[in-house]
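Residue numbers (the numbering used here), protein chains in the order written: chain A, 1 to 257; chain B, 1001 to 1233; chain C, 2001 to 2614. The beta-carbon is built from N, C-alpha and C at its ideal position, and this holds for glycine as well.
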Amino acid sequence: MTNVLEVRNLSKSFGGVQAVKDVNFDLKEGEFLALIGPNGAGKTTCFNMLNGYLKPNTGSVSLRGQALIGHPPRKIWRMGVGRTFQITATFLSMTVVENVQMALISYHRRVFDLFSRATRMYVDEAMALLELVSMQDQAGRACSELAYGDLKRLELAIALAHEPALLLMDEPTAGMAPSERLALMALTAEIVAKGGVSVVFTEHDMDVVFAHAHRILVLNRGELIAEGTGSEIRTNPLVQEVYLGGGSVFEAESAHA
Amino acid sequence: MLDVKNLGAWYGRAQILNGVSLSVGENEVVALMGRNGAGKSTTMKSIMGLVRHINGTIRYAEREVQGNTPHAICRLGMGYVPEDRRIFGDLTIEENLEVGRREPRPDAPEWTQEHLFELFPNLAERRKNLGKQLSGGEQQMLTIARTLMGNPKLVLLDEPSEGIAPVIVEQMARVIAELKREGLSVLISEQNLHFARIVSDRAFIIEKGEMRFEGSFADLDENPEISNTYLAV
Amino acid sequence: MGFYFAQLLTGLANASSLFLIASGLSIIFGVTRIVNFAHGSFYMVGAYLAYTLVTHWSGSVLGFWVSVILAAMIVGVIGLIIELTILRRIYHAPELFQLVATFGVVLIFQDGTLAIWGAEDLLGPRAPGLDSAVRIMGEPIPEYDLALIAIGPVVLLAIWLLFHKTRWGVLVRAATQDREMVGALGVNQAWLFSAAFVLGSFLAGLGGALQIPREAVSLQMDLSIIGEAFVVVVIGGMGSVSGAFVAAVLISVLNAFAILIFPQISIVLPFVIMAIVLIFRPHGLFGKPGSEKGAPEEPDQPLALMDQKSAMVLMAALLVLALSPLFTADFTSVLMVDVMVATLFAVSLHFMMGVGGMVSFGHAAYFGVGAYGAAMAVKFLGLGMISAMLFGPVCAAIAALFFGWFCVRLSGVYLAMLTLAAAQILWGVTFQWQEFTGGDDGILGVWPAKWASSDKVYFYIAFVLCIGGIWALRRVAFSPFGYILRGIRDSQTRAESIGIDTRFHQWMGFVLAGGFAGLAGVVFAFSKGSVFPDSLGIALSIDGLIMVLLGGIHALAGPILGAGAFVLIEDWVTRLDYWRFIFGAIILIVVLVAPDGIAGGVQRLLRGLKGGRA
C-alpha cells in the first residue's frame, strides 16, 4: 500500500517550551491511525501543524507527494485534508443540512455566487452525507438546538463533503455516551473501509482506540515514544507508565517516584 | 445542607440539564461524576446562579436560592471553584486572594492569607507574581485558595484534577481531605473514578443532563456496568 | 527651539483633558463593556456646570477649584442616575442596543443643556491666580496650561493608586478581566458597575470643567470630543487607563506639531494615527486579545424564506407605495423618497452587521462618497443624471475597497472604531478641501435630468433604485455569498476549515455593503439637489445604527421597519421644539421595552396572539 501522508522531523516550540519534538510517521492508504498520550503531550499541536493552523519550526509533511507545510488552512483543505474539532465548531445560525451545503458550495467553488438560492444547492449530496452519519432525520433542525453527540456526527458529515484523502479527528468522541462513541467510530471505520479516505484521530477513550485503530502512536512530552498495534501498545511498559497507568492516579504517581 | 430538586438548565434553546436532583450533607464530600459534556459543570454553575435560565429548586442553608445572583449565593457561604480556574491573570497572587476575601462567618472556618499560604506553600513563594505567570498546577491551587478566602461552608469544586500533573493531583487530594477536616462540605465534579473514590464519601453519576446513579462507592463496585456505561474509565 | 518647546507644552496641555475623558470612557468600557456615547455629554455638562459655578464664585482661587471639583461631582451623580435608571436594565442586551441607548442619552442631554443654558456659546473667566503667561525659552506659555500639564499625570497617579492600593480598585481590575467570576466570589457586580460608571462620569465632567478657561462652552462639545476620545481609548487599548494616557499624549503632541506643517490636518490626524496603530497592534497599544468583545450573544435562528401570507402583505404594501404618488400630495412623495433612501441605507448597514457580523460606526462614509461622487460627476465631469447615478456607487465601492481592507483585519469594537476612523477621515477631507468639495458650503445644483425633475417622476426613479437595491441585497443574503458571510460570523474556525478565505470574503461583503450605501447616497443627492459634509458625518452613521437596531438586528425585515419608523418619527418630531429630547426618549423607551427591536417585538406579539410559546 502507498503512503497517503508522510511526516518527517516535525518540531514546534512555544516560547522555549518544546511542544513537539522530531516526530516522524507515515499513514498508509485506508489506515485508521490513533494518536494518544496524556494531556499536553502535543497531540493537538501536531494536528494543527498538519492542517496549517500552526507553522512548525522544522520538518515536512507531504500528502500524496504534495508538501503541505507553508500553505494556509484553506489551501490544505482543498488539497484533501478534512478535520473535525475537539470543541465542535459549526454554523449555529443555520440548519443541519445548510451546514453541509456550505461545505459543498465551497468545494464546488460557488462561494461568490451572489444570485442562486444557497438552500437549494447540492441538497441531494448534502442529504446523502447526512444519511452516511444517520443525521438525515434532523436535517431541518437549527444547529443551535442539537445535542452534543449529534453535532459531532454533523461535523463528520461536513468534513467528508470535499471527499478528503485524509481526515483529522481531534477527540471525536469526547462527551458522547459509550454506545454512541463506539457507534460513531464504527461508522468512521466503515467509511474508511469503503476506501478513499484515511484517518488520524486523537482519543482518550482507550476502548475506542483499541477497538478501531489499525495502528497507534503514543506521544509524551512532544515525543513519539511508541508505535504499534493495540496489543503491542497495551503491553508496552513505557506507555503504561506515562499514560495508561496501572489503574489509579496514585499508583501512576508512585511509578514516577 | 444543599438540596437540589429537579434542576433544569438551558443555554439559549438547548436544554442542558433535565431534572437533576442531588444533595450534600453537613461536612460531607460528594462527587458528581460523568463525562465531558454530561452536565457536571452546568450543574455546578446552575447551583451558583451562573446560568440564567433554570428551573427546579435549589435549597441551601435553609432557603431557596434558585434565581438569586451569584454574589448573593456566595454571601450565604457557598464557594465556587470553576473548572477553567479563571485566575485574574493581571493581578498578583495576593490581589487574587483579596478579590475573594469576605467577612468571617460564625458557622464556617475562617481563612487568612497566611493560613492559605501554609496550605499552599508554592503560592507563598510567589505572592507578588501575576496570575498569568503561574503554572497550571499553581493556578489550580490559587483558584481554590481564592474561593476559601470567602470563608465558605460549602465548596463547589469543578474538575479539580483536570489537566494537571499527577503530583499536583495528589496535593489536591490532600487539600480536599484538609477541607473536610476543617468541617467544610464539598461537592466535586470529577471524571476520574479513582480520584473521586479517594477523596469523597458518596457519588452521583450524571449523563446527558440526567442523574443516573446515586450511592456509595461500594454500591458502584457492586454494579460495575454502571461505571462502564457512564464513565470514561 | 523655544517655539517648538512651547508647541510641545501646548500639546501636553491638550493631552490632559483628552486623557481625563478617555480614561473615564476606558474604565466604563473595561468594567461594564458598554461603549458609552454619552460620555461626550458628560464632558459638555461638566463644562456648563463649571461655567455656572465659576461665574458665581468669580475671582477667588479657591472658588474656581472648588467649582471645578463640584461640577465633576455633580456629573458623577448624573452618571449614577443614568446607570441606575437605564444601563442597569440593559447589561444583558446586545451591545449595539446599549450603544443606541447611550446615544438616546446624548440627544436628551443636548436639549436639556439647550433648555438650561441656551444656544449661545459661553466664555468663562480665566482661572484666578493662573491668568497670565510665563516666558519659557522666550516664548509665552499660559500658566493655566502648565497647571493642566501637571493635572494629567496627577490624575493618572491617583487612578493608579486607587486601582492598586484599594480593595475597590483591585475589584475593578479583576472585573475588567472576568466580571462573572468576580460576582461568583461574592462581589455585588451591580454596585461595582455603578461605581465604575460614577468614576468614569466624574473624570469626563472634570475634563470638561477644566476646559472653561481655555475654550468657549458650546452645545457642540459633546460630539466633537467623543470621536477623539474613542480614538484615544482604542489606541491605548480598551480598558487600559495608562494606555489612554500614552495615547492622549501621542495624539495631542503629534497634532501640535503637525498643524505647523499642514494646518488642516488636525481633524483627520487622530484617526490616521489610530488606523496605523490598529494595523500593527490590533488590540491597541496596551490592549489584550479578547478585550474587544462585548457580552456574549445567543445564536441567531436559521433564515427562513417568507411564507406566502407575508409575501402577499409585502407585495400589497409595495403596490400601495408604488401607487402613492397618484393620490397624495407632492410633499408626501418627497417624504417617501426619504423613507426609501433611509431604508436602502439601513439595509446595506444591516447586511454588513447582521449578515456579516461587522459592526460599523461609520457607514455614512459610503453613503456620502456615493452622494459626492455623483455630485462631482455632474459638476466636474459634466455627466448626466443616469451616468452620475452609476458613477456614485462605484466611487463608494472603491472607498469601501480601500478602507475595508484595513477594517476586516480587526473584529468587534476595534473594527467598529476603525470604520468610525475611516468615516472621520473622509469627512475631514471633504470638510477641509474647499476647492474640490466646496467644504462646508457643499456642492449645489445637483438636480435630476429635466424629464425626471418633477417630484412624482423622481419618486419612481428612487423607487426603482432603492427597492431594487433592497431586493438585490436580500437576494444576496440568501445566496451562497451571503450564507458563507453569515457562516464566518458564526464560526470563523469552521469557515476556514471548509476552505473559505474568510478575510477576503468579509472584505467583499464590506465592499458590497458600501456600494449599496453609495446608491442610497446618490438617490439622496439628486432628491435634495445638493450635498454637504454631514452626509458623511457621525450623526448619519448613528442614525443608520438606530434604524437597524430599532428594527432589530436579528431579522432581515428589521432595517426596513426600523428605517420607516425612524424617518416618519423624525419627520414628525423635528417640527416640535426640543425634538431631540423627545427622540432620545423614544429611543430609550424602545430599548427598554423591546430589546429585540420592532421586528422582534412584532414577532413576539404574533407568537403571543397565536397562543404559542412566548
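Minimum C-alpha distance to residue i - residue among the options
i                    : options                                       : result
glycine 2373/C       : Leu2070/C, Thr2437/C, Phe2403/C and Leu2107/C : Thr2437/C
alanine 2195/C       : Glu2215/C, Leu2606/C and Arg2167/C            : Arg2167/C
leucine 2390/C       : Arg2486/C, Leu2192/C and Val2523/C            : Val2523/C
glutamate 145/A      : Val7/A, Met94/A and Ala19/A                   : Met94/A
glycine 9/A          : Ile69/A, Leu35/A and Ala41/A                  : The amino acid occupying residue 9/A in the given sequence is asparagine; glycine does not appear at that position. It is Ile69/A whose Cα lies nearest to the Cα of asparagine 9/A.
threonine 1143/B     : Met2181/C, Ser2535/C, Leu2008/C and Leu2122/C : Met2181/C
lysine 2450/C        : Phe2504/C, Phe2526/C, Tyr2004/C and Ala2495/C : Phe2526/C
threonine 2010/C     : Tyr2091/C, Leu2260/C and Arg2604/C            : Leu2260/C
glutamate 1103/B     : Ile1054/B, Leu1179/B, Gly1077/B and Gln1133/B : Gly1077/B
leucine 2114/C       : Gly2392/C, Pro2094/C, Val2066/C and Ser2218/C : Ser2218/C
threonine 1112/B     : Arg1202/B, Asn1151/B and Gly1136/B            : Asn1151/B
isoleucine 2226/C    : Val2602/C, Val2378/C, Gly2382/C and Leu2025/C : Leu2025/C
proline 2282/C       : Leu2171/C, Val2413/C and Ile2074/C            : Val2413/C
histidine 212/A      : Val17/A, Phe47/A, Phe14/A and Glu31/A         : Glu31/A
aspartate 22/A       : Lys28/A, Ala103/A and Ser13/A                 : Ser13/A
phenylalanine 2463/C : Leu2206/C, Ile2538/C and Met2340/C            : Met2340/C
Chain-ordered neighbours of residue i on chain C, where CB pairs are closer than 7 angstroms
i               : result
arginine 275/A  : Outside the displayed range of chain A (1 to 257) lies residue 275/A, so it cannot be described from this structure.
tyrosine 1080/B : Ala2184
Nearest-angstrom beta carbon gap, residue j and residue i [assumed within contact, 8 angstroms]
i                 : j                : result
glycine 2362/C    : alanine 2423/C   : 3 angstroms
glycine 2544/C    : leucine 2269/C   : Not a contact, Cβ separation roughly 25 angstroms.
arginine 181/A    : valine 199/A     : No, arginine 181/A and valine 199/A are not in contact; Cβ-Cβ is about 15 angstroms, not under 8 angstroms.
valine 2031/C     : alanine 2175/C   : 5 angstroms
isoleucine 1168/B : arginine 1127/B  : Going by Cβ atoms, the distance from isoleucine 1168/B to arginine 1127/B rounds to 19 angstroms, so no, they are not a contact pair.
serine 1041/B     : aspartate 1158/B : 6 angstroms
alanine 2244/C    : valine 2231/C    : About 11 angstroms; that fails the 8 angstroms criterion.
serine 116/A      : serine 2479/C    : 6 angstroms
isoleucine 2082/C : valine 2105/C    : 6 angstroms
Chain-ordered chain A contacts of residue i [CB-CB under 9 angstroms]
i                : result
histidine 2505/C : Val111 and Phe112
valine 2476/C    : Leu114 and Phe115
Under 7 angstroms from the C-beta of residue i: neighbouring residues of chain B
i               : result
alanine 2204/C  : Simply none; closest approach about 25 angstroms.
arginine 2173/C : Asp1090 and Leu1091
Cross-chain neighbours of residue i in chain C, by beta carbon under 8 angstroms
i                : result
serine 198/A     : Those do not exist, as serine 198/A stays about 18 angstroms from chain C at its closest Cβ, beyond 8 angstroms.
aspartate 1158/B : Those within 8 angstroms of aspartate 1158/B in chain C number zero; the least Cβ separation is about 11 angstroms.
arginine 78/A    : Gly2499
arginine 1098/B  : It is glutamate, not arginine, that sits at residue 1098/B in the sequence shown. Going along chain C in sequence order, the residues near glutamate 1098/B (Cβ under 8 angstroms) are Arg2167 and Val2170.
Per-residue contacts from residue i into chain A (C-beta, under 7 angstroms)
i                : result
glutamine 2603/C : Those within 7 angstroms of glutamine 2603/C in chain A number zero; the least Cβ separation is about 16 angstroms.
proline 2302/C   : Ser93, Met94, Thr95, Glu98 and Ala142
proline 2153/C   : The contacting residues do not exist; proline 2153/C stays about 34 angstroms from chain A at best.
Contact set between residue i and chain B, taken where Cβ atoms lie within less than 8 angstroms
i              : result
alanine 213/A  : Result: empty, since nearest Cβ-Cβ is about 17 angstroms, beyond 8 angstroms.
alanine 174/A  : Arg1035, Asn1036 and Gly1037
tyrosine 148/A : Gly1037
Per-residue contacts from residue i into chain C (C-beta, under 9 angstroms)
i                : result
threonine 1069/B : Gly2183, Asn2188, Gln2189 and Ala2190
glutamate 1095/B : His2164, Val2170, Arg2173 and Ala2174
Stretch-stretch touch, CB-based, cutoff 8 angstroms, three pairs: the stretch 2401–2421 of chain C with the stretch 2246–2256 of chain C: Short answer: they don't touch.
Could you name each continuous beta strand (DSSP E) segment of 3 residues or more that falls completely within the stretch 1114–1163 of chain B, going from the start of the chain to the end? Runs of the beta strand (DSSP E) inside the stretch 1114–1163 of chain B: 1154–1158.
Do the stretch 1014–1027 of chain B and the stretch 1172–1188 of chain B meet, that is, are 3 or more Cβ pairs less than 8 angstroms apart? Between the stretch 1014–1027 of chain B and the stretch 1172–1188 of chain B, the count of C-beta pairs closer than 8 angstroms reaches three or more; the two stretches touch.
Pair every Cβ in the stretch 1073–1085 of chain B with every Cβ in the stretch 1153–1164 of chain B, then say whether three or more of these pairs are closer than 8 angstroms. The count of Cβ pairs closer than 8 angstroms, one atom from the stretch 1073–1085 of chain B and one from the stretch 1153–1164 of chain B, reaches three, so the stretches are in contact.
Evaluate the contact criterion for the stretch 146–161 of chain A versus the stretch 121–137 of chain A: three or more CB pairs, one atom per stretch, below 8 angstroms. In short, these stretches touch, since the Cβ pair count reaches three.
Is the stretch 183–200 of chain A touching the stretch 91–110 of chain A in the sense that three or more CB pairs, one from each, lie closer than 8 angstroms? Because the criterion of three Cβ pairs below 8 angstroms is not met, the stretch 91–110 of chain A and the stretch 183–200 of chain A do not touch.
Unbroken stretches of the beta strand (DSSP E), 3 residues or longer, contained in the stretch 2124–2193 of chain C: Runs found: 2133–2136 and 2139–2142.
Length-filtered (4 minimum) alpha helix (DSSP H) runs lying within the stretch 2531–2556 of chain C: DSSP runs (the alpha helix (DSSP H)) wholly in the stretch 2531–2556 of chain C: 2538–2551.
Quick one: any contact between the stretch 2106–2113 of chain C and the stretch 2040–2048 of chain C, if contact means 3 or more CB pairs under 8 angstroms? Contact between the stretch 2106–2113 of chain C and the stretch 2040–2048 of chain C is present, with at least three C-beta pairs closer than 8 angstroms.
In the stretch 58–94 of chain A, which residue ranges form an unbroken beta strand (DSSP E) of at least 3 residues, counting only runs that do not cross its ends? DSSP runs (the beta strand (DSSP E)) wholly in the stretch 58–94 of chain A: 58–63 and 81–84.
List in chain order: all unbroken beta strand (DSSP E) runs of 3+ residues lying wholly within the stretch 94–175 of chain A. Within the stretch 94–175 of chain A, the complete beta strand (DSSP E) segments at least 3 residues long are 166–170, listed from N- to C-terminus.
Cβ contact (3+ pairs, closer than 8 angstroms) linking the stretch 1029–1043 of chain B and the stretch 1206–1221 of chain B: Flag = yes, the stretch 1029–1043 of chain B and the stretch 1206–1221 of chain B touch.
Determine, using beta-carbon pairs with one atom in the stretch 220–237 of chain A and one in the stretch 34–53 of chain A, whether at least three such pairs fall under 8 angstroms. At 8 angstroms Cβ cutoff, the stretches touch.
Counting pairs of beta carbons, one from the stretch 2590–2601 of chain C and one from the stretch 2546–2562 of chain C, are three or more of them closer than 8 angstroms? Segment contact: the stretch 2590–2601 of chain C against the stretch 2546–2562 of chain C, three or more CB-CB distances shorter than 8 angstroms; contact assigned.
Do the stretch 2064–2080 of chain C and the stretch 2206–2221 of chain C make contact, defined as three or more Cβ pairs closer than 8 angstroms? Touching, yes, given that three or more Cβ pairs across the two stretches are closer than 8 angstroms.
Does the stretch 2453–2472 of chain C touch the stretch 2329–2348 of chain C, meaning 3 or more C-beta pairs lie closer than 8 angstroms? Yes, the stretch 2329–2348 of chain C is in contact with the stretch 2453–2472 of chain C.
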